[in-house]
Amino acid sequence: MLLIPCPHCGPRDEIEFACGGEAGRARPSDPSALSDTDWGEYLFMRRNEKGLRRERWRHSAGCGRWFVLERDTCTHALRAGR
Amino acid sequence: MRGYSAFALLAGALSGHRRWARAWRDAAPRPAYDVVIIGGGGHGLATAYYLAKAHGIANVAVLEKGWIGGGNTGRNTTIVRSNYLWDESAALYEHALKLWEGLSSELNYNVMFSQRGVLNIAHNLHDVREGKRRVNALKLNGVDSEWLGREGVAAFCPILNLSDHARYPVMGGTLQRRAGTARHDAVAWGYARAASALGVDIIQNCEVKAIRTAGGRVTGVETSRGAIRAGKVGIVVAGHSSVLADMAGFRLPVESHPLQALVSEPIKPLLDTVVMSNAVHVYVSQSDKGELVIGAGIDAYTSYAQRGSFPVIEHQMGALLELFPIVSRLRMLRTWGGVVDVCPDASPILGTTPVGNLFLNCGWGTGGFKATPGSGHVFAHTIATGAPHPLAAPFALDRFTSGKLIDEHGAAAVAH
Chain A
1 MLLIPCPHCG PRDEIEFACG GEAGRARPSD PSALSDTDWG EYLFMRRNEK GLRRERWRHS
61 AGCGRWFVLE RDTCTHALRA GR
Chain B
1 MRGYSAFALL AGALSGHRRW ARAWRDAAPR PAYDVVIIGG GGHGLATAYY LAKAHGIANV
61 AVLEKGWIGG GNTGRNTTIV RSNYLWDESA ALYEHALKLW EGLSSELNYN VMFSQRGVLN
121 IAHNLHDVRE GKRRVNALKL NGVDSEWLGR EGVAAFCPIL NLSDHARYPV MGGTLQRRAG
181 TARHDAVAWG YARAASALGV DIIQNCEVKA IRTAGGRVTG VETSRGAIRA GKVGIVVAGH
241 SSVLADMAGF RLPVESHPLQ ALVSEPIKPL LDTVVMSNAV HVYVSQSDKG ELVIGAGIDA
301 YTSYAQRGSF PVIEHQMGAL LELFPIVSRL RMLRTWGGVV DVCPDASPIL GTTPVGNLFL
361 NCGWGTGGFK ATPGSGHVFA HTIATGAPHP LAAPFALDRF TSGKLIDEHG AAAVAH
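Heads up: the protein sequence lines correspond to chains A and B, in order.
Numbered per this note's numbering, the first sequence spans residues 1 to 82.
Numbered per this note's numbering, the second sequence spans residues 1 to 416.
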């Protein structure tokens with residue numbers, strides 16, 4: 001059970017949140033200029049880190065805010081992302 | 001290797017069961033092998049077995065960082081079926097199911113394969129249409145499948161909640177009679193014993209730390225028990241596929257999630273089939289010991305910890321009671337989790353990699369156990385010949401560049 005620190009509401013139960021996956025994935029500004037390999041890389045390839053990971057979360061059953069969280073995928077330890 | 005038989009059992013009984021030989025050799029690593037398989041789960045052991053048996057390549061090592069079958073092979077809910085929607089999947093999983101049907105005699109090891117049927121329940125009009133479509137698609141692919149109306153379901157599995165007032169009423173279901181369950185530990189042990197007898201080295205407590213390459217080709221691995229040279233290397237590590245791919249310098253589309261299951265206290269025979277429901281999301285069968293074996297879903301976030309969160313279990317119990325109010329007073333004995341590698345299209349990745357002589361078998365996600373013999377069989381062919389087996393070819397890694405995905409989310413919507 002995760003106790004997730006929402007920047008607006010404070011620590012709340014994980015069932016109030018939706019996980020938005022890997023943080024920092026920017027959509028390419030001109031997809032049609034990309035090769036198939038680069039477009040596939042953006043769409044499908046993931047870091048899937050073992051250990052510390054930056055990810056997007058949304059307090060979907062609360063204030064609705066998106067934020068970045070750092071989470072250790074081995075221990076589930078959390079801290080607010082930068 | 002001494003074969004197992006009724007006579008061997010009798011002789012064993014007469015000698016007080018004190019003279020049984022070890023089932024396989026606990027080998028120490030040698031400096032070099034023709035093929036190194038990373039991962040001693042069911043898929044890796046099956047791959048090694050078929051390399052030796054079907055392709056005559058016995059100079060093979062299976063490297064397992066823990067103990068064989070201690071990962072997802074020993075953590076699943078043991079369900080075997082082949083009722084997949086798309087042609088490519090149906091062919092691959094049906095290939096596996098046919099191997100399951102002869103596996104105990106092939107391995108001379110009782111894997112307790114029980115074709116008790118798998119029933120997928122439909123709870124709404126969409127489920128009914130999707131179920132009937134799937135039955136028709138399966139029949140066209142020569143896979144056994146039938147549609148049961150509500151009465152048919154009631155006759156086949158009378159303990160289901162068939163009330164008109166149910167929140168999720170039972171409106172029918174698809175049934176694959178050749179599907180069922182198998183003893184998952186026995187699958188690992190049976191393949192290990194048969195592979196070991198053919199000369200394969202099964203090396204436990206041997207974690208791969210690095211993959212060595214030269215000139216774009218793999219040359220060996222660094223392990224916690226020293227360096228091992230290899231002509232070819234196969235990665236069959238499920239939840240840790242991204243970690244191994246990272247060592248070899250490429251990325252994968254998979255993400256690792258915890259998948260949970262649980263068992264109840266043992267009770268008398270109650271359920272003689274496997275029941276799955278996508279809408280309420282539960283799958284359940286009864287083991288020979290009498291425990292109900294109940295499968296849960298994955299956590300939404302990635303994790304390498306072999307445990308899941310409690311809300312998933314809570315949801316699971318709600319779904320179970322919706323389908324089977326009769327078990328409302330049953331107590332649960334234990335829960336556990338495994339790390340599954342989920343692909344964006346819910347289909348596996350089988351074949352070559354950007355690194356020469358390095359092969360990959362991953363992405364089975366929540367449903368790899370059922371494919372164990374077929375996966376090992378086609379992957380052994382792929383490694384031995386250097387080119388994908390025809391059944392494996394559509395599952396190549398490059399489908400994430402070409403866009404030719406095999407979207408099984410609809411057909412196999414739940415963890416299974």
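Just so it is clear, CB atoms sit at the ideal spot from N, CA and C, and this is done for glycine as well.
Since we're looking at a predicted model, the values are computed, not measured.
- Shortest Cα-Cα distance from P5(A) to any of T73(A), C74(A), W57(A) involves W57(A).
- Annotation for A279(B): H123, N124, D127, Y168 place their beta carbon closer than 7 Å to its own, counting only its chain and skipping 5 residues before and after.
- Identification of chain A residues near P354(B) by a Cβ-Cβ cut-off of 8 Å yields none; the smallest Cβ-Cβ distance measures about 11 Å.
- When the five nearest sequence neighbours on each side are left out, the beta carbons in the same chain lying within less than 6 Å of the beta carbon of P348(B) are those of G363, W364, F395, in order along the chain.
- In the three-state reduction of the DSSP assignment, A227(B) falls in the strand class.
- Short of 8 Å from the beta carbon of A58(B), and not among the five residues preceding or following it, lie these beta carbons of its own chain, in chain order: L51, A52, L198, G199, V200.
- Residues of the stretch 28-46 of chain A with a C-beta atom less than 7 Å from some C-beta of chain B are D36, T37, G40, F44, M45, R46, listed in chain order.
- Counting C-beta atoms within 10 angstroms of its own C-beta, K268(B) has fewer than 16 neighbours from the protein chains shown and is therefore classed as exposed.
- For the stretch 392-408 of chain B, the beta-carbon criterion of a distance under 8 Å to any beta-carbon of chain A is satisfied by F400, T401, S402, G403.
- Secondary structure within the stretch 75-162 of chain B: the beta strand (DSSP E) runs of 3 or more consecutive residues, fully enclosed, are 118-122, 146-148 (chain order).
- Apart from the 5 residues on each side of it in sequence, G173(B) sits with its Cβ closer than 6 Å to the Cβ of L119, N120, I121, A122, L148, V153 in its chain, given in chain order.
- A contact between stretches requires three or more CB pairs, one per stretch, nearer than 8 Å, and the stretch 253-268 of chain B meets this requirement with the stretch 304-320 of chain B.
- Just so you know, the alpha carbons of W24(B) and N108(B) end up roughly 13 Å apart.
- Looking only at G215(B), I228(B), R329(B), Y283(B), the smallest Cα-Cα distance to G356(B) is reached by G215(B).
- A direct Cα-to-Cα measurement between V237(B) and T73(B) gives close to 11 Å.
- In terms of Cα proximity to G295(B), the closest of D288(B), Y304(B), S303(B), H281(B) is H281(B).
- With a threshold of 16 other beta carbon atoms within 10 Å, L52(A) falls short and is exposed.
- For S256(B), at least one C-beta of chain A is nearer than 8 Å to its own C-beta.
- Between C6(A) and chain B, the shortest Cβ-Cβ separation is not below 8 Å.
- If you look at K209(B), you'll find it in the beta strand (DSSP E) that goes 208-214.
- Against chain A, a Cβ distance below 8 Å from R251(B) picks out E41, M45, R46, R47.
- Its Cα nearest to that of A77(A), the residue S303(B) stands out among N76(B), S303(B), D288(B), L405(B).
- Using a 10 angstroms sphere on the CB of M1(B), the tally of other CB atoms stays under 16, which defines it as exposed.
- Annotation: W189(B) is outside any beta strand (DSSP E); the continuous alpha helix (DSSP H) that includes it extends over 184-197.
- Under the Cβ criterion of 8 Å, E14(A) is counted among the residues facing chain B.
- For S224(B), not one C-beta of chain A is nearer than 8 Å to its own C-beta.
- Along the stretch 223-245 of chain B, going in chain order, the ones with a CB nearer than 8 Å to a CB of chain A are H240, S242, V243.
- Segment contact: the stretch 386-403 of chain B against the stretch 338-353 of chain B, three or more CB-CB distances shorter than 8 Å; contact assigned.
- Within 8 Å of the CB of L78(A), no CB atom of chain B is found; the nearest one sits about 11 Å away.
- Using beta-carbon distances, S309(B) counts as an interface residue toward chain A, with a partner under 8 Å.
- Spatial neighbours of P11(A) in its own chain (CB-CB distance under 6 Å, excluding positions within 5 residues in sequence) are listed in chain order as L3, P5.
- Taking C-beta atoms under 8 Å as the contact rule, P253(B) and M45(A) qualify, at a distance of about 6 Å.
- Its chain contains T78, I79, V80, S114, R116, V274, S285 as the residues whose beta carbon lies nearer than 7 Å to that of T181(B), once the 5 sequence neighbours on both sides are disregarded; these appear in chain order.
- For the stretch 269-302 of chain B, the residues whose beta carbon sits under 8 Å from a beta carbon of chain A are, in order, A300, Y301, T302.
- Beta-bridge annotation (DSSP): N361(B) is paired with L350(B).
- For P348(B), the closest Cβ of chain A is not nearer than 8 Å.
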